[in-house]
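Have a look at the structure below, then the notes.
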Amino acid sequence: MRSCPRCRTALTADTPFCPQCGAQLRVPTVDGEVLDAPRAAQGRRAVNPWIAAGLSIIPGLGHLYAGTPLRGLAFLVGVLGPEVIGTELDLTVIGDVIGVPLNLGGIALWAFCALDAYRTAHRRNAASP
681 MRSCPRCRTA LTADTPFCPQ CGAQLRVPTV DGEVLDAPRA AQGRRAVNPW IAAGLSIIPG
741 LGHLYAGTPL RGLAFLVGVL GPEVIGTELD LTVIGDVIGV PLNLGGIALW AFCALDAYRT
801 AHRRNAASP
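Residue numbers for the sequence shown follow our numbering, beginning at 681 and rising by one.
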């Protein structure tokens, strides 16, 4: 016979839980595959940061190439949106939420889009083994 490590109640050998305090006495084994993050990233292709920056001549295209399409869509809307609807909207609040400085103006935001596409591609390559 053995005893519960928590409350010291006498137990039988095959008891999975203590009937007195409910302590788990046996840890169930888990069968499955261990996921290795670097191994999962091996299937991704390397991207050239300079190509990502160059593709940003069309806002968001560099981010699409670098593998962040939603961020690219945010840049596309941020740069071209005010031109399409004909107004200069104050998008500072939206920019703060998504982490993009949308209060810079169209040309500055376009330049930041190219810089951010470069950095995004560079970070993606650094994360890959």
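Quick reminder that beta carbons are idealized off the backbone N, C-alpha and C, glycines included.
Values in this document were obtained by computation on a predicted structure and should not be read as measured data.
The straight-line gap separating the alpha-carbon atoms of residue 683 and residue 706 is approximately 13 Å. In this structure residue 702 is exposed. Its beta-carbon is surrounded by fewer than 16 other beta-carbon atoms within 10 angstroms. The beta carbon of residue 746 lies closer than 7 Å to those of 727, 732, 797, 800, 801, 804 in the same chain, with the five residues before and after it left out.
The C-beta distance from residue 756 to residue 739 rounds to 5 Å, short enough to fall under 8 Å. Counting the other CB atoms within 10 Å of its CB gives residue 795 a total below 16, which places it among the exposed residues. According to the DSSP secondary-structure assignment, residue 789 is paired through a beta bridge with no residue. Contact annotation, residue 758 with residue 789: C-beta distance approximately 6 Å; criterion of less than 8 Å satisfied. Sequence-distant partners of residue 689 (beyond 5 residues in either direction) whose C-beta falls short of 8 Å from its own C-beta, in its chain, are 683, 698, 699, 700, 701. Residue state for residue 691 is assigned as strand, using DSSP reduced to three classes. By the neighbour-count criterion, in which 16 or more other beta carbons inside 10 Å mark a residue as buried, residue 712 falls on the exposed side.
In the structure shown, residue 804 falls within a helical segment according to DSSP collapsed to helix, strand and coil.
Collapsing the DSSP output to three states places residue 751 in a helix.
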